[in-house]
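Asker: Sharing a structure here in structure tokens format.
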Amino acid sequence: MSKKLFIETLGCAMNSRDSEHMIAALKEKEGYETTDDFKSADLILINTCSVREKPVAKLFSELGVFNKKKKEGAKIGVCGCTASHLGEEIIKRAPYVSFVLGARNVSKIAEVLHRDKAVEVDINYDESEFAFDDFRTSPYKAYINISIGCDKQCTFCIVPKTRGDEISIPDDLIINEARKAVERGAKEMFLLGQNVNNYGRRFSSSEHEKVNFTELLRRLSKIEGLERIRFTSPHPFHMDDEFIEEFANNPKICKSMHMPLQSGSTKVLREMKRGYSKEWFLNRVEKLRAMCPQVSISTDIIVAFPGESDADFEDTIDVMKQVRFDQIFSFKYSPRPETEAEHFTNAVEPETASERLSYLQALNTAILDEKNAQQLDKIYTVYFEDLHTNGYVAGRTDNNFVVKVKGSEELLGEFKDVKITAIGRTILTGEIVA
Ligand code: 5AD
Ligand code: SF4
6 MSKKLFIETL GCAMNSRDSE HMIAALKEKE GYETTDDFKS ADLILINTCS
56 VREKPVAKLF SELGVFNKKK KEGAKIGVCG CTASHLGEEI IKRAPYVSFV
106 LGARNVSKIA EVLHRDKAVE VDINYDESEF AFDDFRTSPY KAYINISIGC
156 DKQCTFCIVP KTRGDEISIP DDLIINEARK AVERGAKEMF LLGQNVNNYG
206 RRFSSSEHEK VNFTELLRRL SKIEGLERIR FTSPHPFHMD DEFIEEFANN
256 PKICKSMHMP LQSGSTKVLR EMKRGYSKEW FLNRVEKLRA MCPQVSISTD
306 IIVAFPGESD ADFEDTIDVM KQVRFDQIFS FKYSPRPETE AEHFTNAVEP
356 ETASERLSYL QALNTAILDE KNAQQLDKIY TVYFEDLHTN GYVAGRTDNN
406 FVVKVKGSEE LLGEFKDVKI TAIGRTILTG EIVA
């Protein structure tokens, strides 16, 4: 009988990809099969996120539950970003944990498994030449890493400490992986990196041909059978004209752009060391919309960064009103260890932070309701990828709206034109017209 693996994945798309990698490696080298029931698992993995404080606190309570209820002899491993930043401390606080594997070291999973109390959290370890094992949670869509780590020094962000310096994965490895995924039936590719449009700045070998992100997109879009390319996250600072023009003009690139604003105040952006101003951000949105009117734009916003005044917050609101984002991920600032902002002394009062977040989220809901109302009767090409409840199948439009229609398996992996018949906040309903 095969051994059972239970894996819980928190955090971002990079973590999802790392989990896919670990599942594949454990299957191939150790004969593990995944299970949804941790009580019957022989190995329990938590792939953690440390970008905000709350999930870290949750980790230890969760580990306690796993330990109490796990099968006799089952191992527990902590992986990912919190593993990188807490390292050995995890085993000190939770001695029943068998091993700790950092976000930059996931390719070592099959090996640490056999070393009790192993702690592998080296952020200089280079996985960029490593041909990541192939495991697809979905056969219709392939997640592909294009770079690891992050070279930015945003003062709020722990990621450079958990994923290390940025290294680009050689383009031939990426193209090979994309080709393999297409042969297995994936028509959509999701390119991943902390900072995708900084691709090509550094490869592990200095001889590698300098290929930038725009050129990588051109090369990938030549793959026959590959119909759609998505990516996350680009950085507003690196959105030069060449990149925006390729984005707008290349028909295989999906027309949804994540533009993490963080703050609309140039003063706060400077304190965050984001490298752009309110004006630059608005200018990039304007250029993007001018070249590509159907583009949907999503963003991340942090409220109550240290020193954020009412006027600074108003600047964020002003950008929201001008841009009218299609999706916003908004957070209260959370001080993180080993970051510059952790030492800033001008914290915003917690009540003010909560008020600002509620205000921003209410405004966002109002904007989305207005925008959504205009979706009725529109026709979109949808790529179907998930079975939904109650006899529906769901997929995404090119510009990243989720749409469901009545149907079954045979729609999966297919493109269909769909007319929108009902509006919901997170999902649209439609019927196939062609
Ligand atoms: N506090 C709050 N939000 C943060 N993010 C990153 N670091 C922090 C922090 N210290 C948010 C940013 C980023 C997203 C992934 O998480 O908005 O874009
Ligand atoms: Fe979380 Fe950032 Fe790590 Fe992703 S890279 S798992 S968002 S801390």
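Each residue of the sequence shown is one higher than the one before, starting from 6 at the first, in our numbering. Using N, Cα and C, we set each Cβ at its ideal position, and we do this for glycine too.
1) Apart from the five residues just before and just after aspartate 170, which ones in its own chain have a Cβ nearer than 7 Å to its Cβ?
2) In the structure shown, what three-state DSSP assignment does phenylalanine 248 receive?
3) Cβ of valine 290 versus every heavy atom of the ligand SF4: is any distance shorter than 6 Å?
4) Can you tell which of Ile234, Pro342, Leu91, Lys409 has its C-alpha closest to the C-alpha of valine 423?
5) Could you name each continuous alpha helix (DSSP H) segment of 4 residues or more that falls completely within the segment 56-125, going from the start of the chain to the end?
6) Using a threshold of 6 Å, is the CB atom of cysteine 17 nearer than that to any non-hydrogen atom of the ligand SF4?
7) Identify the continuous beta strand (DSSP E) that holds isoleucine 425 and give its terminal residues.
8) Which one of Arg430, Asn351, Thr160 has the shortest CA to CA distance from glutamine 380?
9) Spatial neighbours of isoleucine 12 within its chain, please: C-beta separation below 6 Å, excluding the five flanking residues on both sides.
10) Rounded to whole angstroms, what's the CA-CA distance from leucine 31 to threonine 304? Just pull it up for me.
11) Looking at the structure shown, is glutamine 332 part of a helix, part of a strand, or coil, going by DSSP?
12) I'd like to confirm the pairing. Which residues does DSSP put opposite threonine 237 in its beta bridges?
13) Starting from the C-beta of arginine 223, find all residues in its chain whose C-beta is less than 8 Å away, skip the five residues before and the five after it, and write them out in chain order.
14) Between the alpha carbons of phenylalanine 43 and asparagine 150, how many angstroms are there, rounded?
15) Are the segment 168-186 and the segment 204-217 touching, with three or more C-beta to C-beta distances below 8 Å?
16) Below 6 Å, is the gap between the Cβ of isoleucine 153 and the nearest heavy atom of the ligand 5AD?
17) Within the chosen definition, does the segment 234-244 reach the segment 192-212 through at least 3 CB pairs nearer than 8 Å?
18) Report the rounded CA-to-CA distance for aspartate 403 versus serine 261, giving the unit in angstroms.
19) Given this structure, state the Cα-to-Cα distance separating proline 100 from alanine 183, to the nearest angstrom.
20) Measuring straight from C-alpha to C-alpha, what distance separates valine 273 and valine 111?
Answerer: Short version:
1) Gly154, Asp156
2) helix
3) no
4) Lys409
5) 58-74, 86-91, 93-98, 114-117
6) yes
7) 420-427
8) Arg430
9) Ser24, Leu50
10) 35 Å
11) strand
12) Leu197
13) Glu251, Asn255
14) 28 Å
15) yes
16) no
17) yes
18) 7 Å
19) 41 Å
20) 35 Å
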